[in-house]
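Here's the structure we're looking at; comments come further down.
Numbering (UniProt numbering), first residue to last: 1 to 855.
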């Protein structure tokens, strides 16, 4: 038990003051005799001046460094705040030890250059120069109690002085219990901590958990949430909205580009994210000047008219907003006070924001005459970023989660996590410009002496913990072994005891369901089902994807590089070529082809004139691929004897299912027909295959649905339906032929023209045929092997209806399980939402009797 004094001064870290006040109230009741201070607050009484460095003092250090010669190795860094801070910190440390700057080392050129800098600033009024004089005085600290803690090197000077002046270390009455455990990995370590707290019925507010990094804290927080253990994370990196906005404003002044402008308005005006910010990203020149947006829509394959009207509306809104907030564009070094006022008016008036405002205002007051150039402003910004006071915790509950340096005997139970060789004891040493090698050449205490003091301090802290659990994970999440700490093994006298942890929480696939009533409201608007064929395929591939897109209507991000947009350009060009040239479209003149492609991009170039280079690159790439595509289609068109009857043909069909009207619609890319029959072709930008197993599971309904729709509308005989791949990727080909029948095998190289011809003639089509294609095609093998038998359209149509109704029944049931088919996630826009629950499954047939076929 830790005996807290009733009178006197208790020195403890500021982060623990709230907990200590609560403990004092619990132990002694209301008392005015005990004062709790941080070490920094306590030693202020001994100094004539404020014992800290102000921004004005950093400016003085910077100004003194300007006089160094250009030959100095640190000349380029003389105005950098990070360098000035390191220089001032070392000079202050040297003053603390009363070092003679004339005796600083100068054996190397680096040491000589540093000595020049240090001598330039040695006469400045460092507050640390009072320390040697104060430490020589006789102090009476008999009423001071010190909470064991890992104090810094400079703080240790004061701790040693206070102890020598009769201050006392708070210690436990009885030695504590020590446990040295090991677990399989860091997550098992966190689970073991939660199990120990629950099994032993520990009071959460009496428990402290030390973690090495934020990742460990987040894992621990997850486990505590799972077991409903209250906790508070002690962290010094709490961000302040006011400080973030002010720093963003300074960055905008220093570098006035679109990225910094967007970052600034995102903090000040978060409501602009959906329209204003997205429009500015889409039209990067808009924030500087008026944008010449076209007034009238022109037909093209890149922008639909609805998208054009939406863009036009967003541009109008954005331009009006920019005019209303044009003051931001004129922010400069001379308007810093106005910037503070604007930020204050935009952010909520919280205590933390007010504190940040007053602190920054004070720093600005001290720096007002110093900030004249961009270099000055950068120095000021770096100071604000480095010295901004962290947000203090006003209240906490449950287990405290912090770092090792916050372990104190105040807590009855302490867990020290990740105590392997890399992280324990992990004593502090000087790094950077003034590293241990430099200090070794100065008149500083030896490194071994300083490290020994740190060790003694560490063991004092740990020995005064009532119940101490030291845990080490034997490996990380990747299976890499962690070396054990030799010092811990010596302290405990044995190695860690492995804790076999059986996780009672078995992960179960979440049951995603929205209920039948909700499903009917989402998917059967006005008690009917209206949808495209691709919507049904989407549900068959992944119900969760269908729910997000057609139930919640989450929008997908699209841009000019989207593969579907690229495919729409191919469709548009092929449609125009066939309309004009019929069967001879594959022999179109290259100039005409290039002109058609440029026409498709002309309207996009009016909308985005700043993207001319990008558009020209796309035009040339599509032109090259279209030439290859037309070459590969030429052989097919030559031997194919049906004529093109319609392109981009809209089809629809109505039917009833369980008293529910069902309206299906779609667009057929190409319909070829004779007097009695028709063939459906669907263009696909990528490579596409067709298998009856996919049709039976509902994943490949498009071709069959189009055939059923068109047959019901025109009452012609369907010959088949196939995909035409617009893919122009490279194909494998044999470079030579070898004749092994000769006594000596002969090699015959294949000519490049022959290879090209083979590649063109090898193009086949994926789909299904219902009739013999011999009368329509010279090479029916392109539409399936000779051994494949044509399937009856009537049979396929009946199966299609069974599959359709089964899909509708499944949709109506409320199933939104993220159980997806293979490759369904490849182009899914919602992967980040369901990544923790997605499960790949093999989709079974929706027919009563499974028939395995493949075309």
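For every residue, glycine included, the Cβ atom is placed at its ideal position computed from N, Cα and C.
Bear in mind that the values here come from a model prediction, so they are computed numbers and not experimental data.
Practice task
Report buried or exposed for residue 564, applying the criterion of at least 16 other Cβ atoms within 10 angstroms of its Cβ.
Solution key: With a pLDDT of 44 at residue 564, under the threshold of 50, the predicted position of this residue should be treated as unreliable, and no value is reported.
Practice task
For my contact list, residue 830 and residue 548 are in at a C-beta cut-off of 8 Å; report their separation, rounded to the angstrom.
Solution key: Between the beta-carbon of residue 830 and that of residue 548 there is about 5 Å, and that keeps the pair under the 8 Å contact cut.
Problem - Collapsed DSSP secondary structure at residue 41 in the structure displayed - result: helix
Handout entry: Residues near residue 721 by beta carbon distance below 8 Å, same chain, minus five either side
Key = For residue 721, where only same-chain residues beyond five positions count, the Cβ hits under 8 Å are 679, 680, 681, 682, 703, 704, 706, 707, 767 and 768.
Handout entry: Burial state of residue 600, where buried means 16 or more other Cβ atoms lie within 10 Å
Key = Burial state of residue 600 is buried, judged by a 10 Å Cβ sphere holding 16 or more other Cβ atoms.
Handout entry: Of the residues 35, 605 and 816, the one placed nearest residue 297, counting alpha carbons only
Key = Ranking 35, 605 and 816 by Cα distance to residue 297 puts 605 first.
Practice task
Could I get the ranges of all uninterrupted beta strand (DSSP E) runs contained in the region 359-421, with 3 residues as the minimum, in chain order?
Solution key: 399-402 and 413-416
Practice task
Determine the contact status of residue 598 and residue 619, defining contact as a CB-CB distance below 8 Å.
Solution key: Yes, these two residues count as a Cβ contact at 8 Å.
Exercise for the section: Closer than 8 Å by C-beta to residue 494: which residues in its own chain qualify, once you throw out the five before and the five after it? Chain order, please. Expected result: Cβ within range, chain order: 180.
Problem - Validate contact between the region 628-640 and the region 568-587 using beta carbons, cut 8 Å, 3 pairs - result: Touching, yes.
Exercise for the section: Go to residue 649, then tell me how far its alpha helix (DSSP H) extends in each direction, as first and last residue. Expected result: No alpha helix (DSSP H) contains residue 649, which is instead part of the beta strand (DSSP E) from 643-657.
Handout entry: Euclidean distance between Cα positions of residue 344 and residue 272
Key = 18 Å
Problem - Buried versus exposed, by CB contacts within 10 Å (16 or more), residue 449 - result: exposed
Practice task
State the start and end residues of the unbroken beta strand (DSSP E) segment that holds residue 9.
Solution key: 8-11
Handout entry: residue 679 in three-state terms, based on DSSP
Key = The answer is strand: DSSP assigns residue 679 an E or B state.
Problem - First through last residue of the alpha helix (DSSP H) which encompasses residue 714 - result: Here the alpha helix (DSSP H) through residue 714 covers 702-714.
Problem - Short Cβ contact (8 Å threshold) for residue 473 with residue 185 - result: Their beta carbons are under 8 Å apart, which means residue 473 touches residue 185 by this criterion.
Handout entry: the region 405-425 / the region 102-122 touching (three or more Cβ pairs under 8 Å)
Key = no
Exercise for the section: Below 7 Å CB to CB, which residues in the same chain sit around residue 697 once its five sequence neighbours on both sides are set aside? Expected result: 540, 843, 844, 845 and 846
Handout entry: Span of the beta strand (DSSP E) around residue 471
Key = Residue 471 -> beta strand (DSSP E) spans 467-473.
Exercise for the section: Could you check if residue 739 is buried or exposed, using at least 16 other CB atoms within 10 Å of its CB as the buried criterion? Expected result: exposed
Exercise for the section: Grab me the residues of residue 432's own chain with a C-beta within less than 8 Å of its C-beta, minus the 5 sequence neighbours each way, in chain order. Expected result: 86
Practice task
Would you mind stating whether residue 545 and residue 538 have Cβ atoms separated by less than 8 Å?
Solution key: yes
Exercise for the section: Sort 607, 554, 248 and 592 by Cα distance to residue 304 and report the nearest one. Expected result: 607
Exercise for the section: Would you mind listing the alpha helix (DSSP H) stretches within the region 489-550 that are 4+ residues and don't spill past its ends, in chain order? Expected result: 516-523, 533-541 and 543-546
Problem - Inter-stretch contact (C-beta, 8 Å, three-pair minimum) for the region 193-209 and the region 411-425 - result: The region 193-209 is in contact with the region 411-425.
Exercise for the section: Give the straight-line distance between the Cα atoms of residue 555 and residue 833, rounded to the nearest whole angstrom. Expected result: For residue 555 and residue 833, the gap between their C-alpha atoms comes out near 13 Å.
Practice task
Tell me where the beta strand (DSSP E) around residue 815 begins and ends.
Solution key: Neither: residue 815 is in no beta strand (DSSP E) and is coded neither H nor E.
Exercise for the section: Could you name the residues that DSSP lists as bridge partners for residue 720? Expected result: 679 and 769
Practice task
Check whether the region 440-460 touches the region 140-154, counting contact only when three or more Cβ pairs, one atom from each stretch, lie closer than 8 Å.
Solution key: yes
Exercise for the section: Specify the secondary structure class of residue 312 as computed by DSSP and reduced to three states. Expected result: helix
Handout entry: Residues near residue 110 by beta carbon distance below 7 Å, same chain, minus five either side
Key = 73
Exercise for the section: Could you round the C-beta distance between residue 318 and residue 384 to whole angstroms and report it? I think they count as a contact, below 8 Å. Expected result: Their Cβ separation, rounded to whole angstroms, is 31 Å, which puts residue 318 and residue 384 out of contact at 8 Å.
Handout entry: Cβ separation of residue 44 and residue 127, assumed to be a contact under 8 Å, to the nearest whole Å
Key = About 10 Å; that fails the 8 Å criterion.
Practice task
Given a cut-off of 8 Å, decide if residue 419 and residue 468 are closer than it, judged by their beta-carbon atoms.
Solution key: no
Problem - Stretch pair the region 140-147 + the region 1-11: three plus CB contacts closer than 8 Å - result: yes
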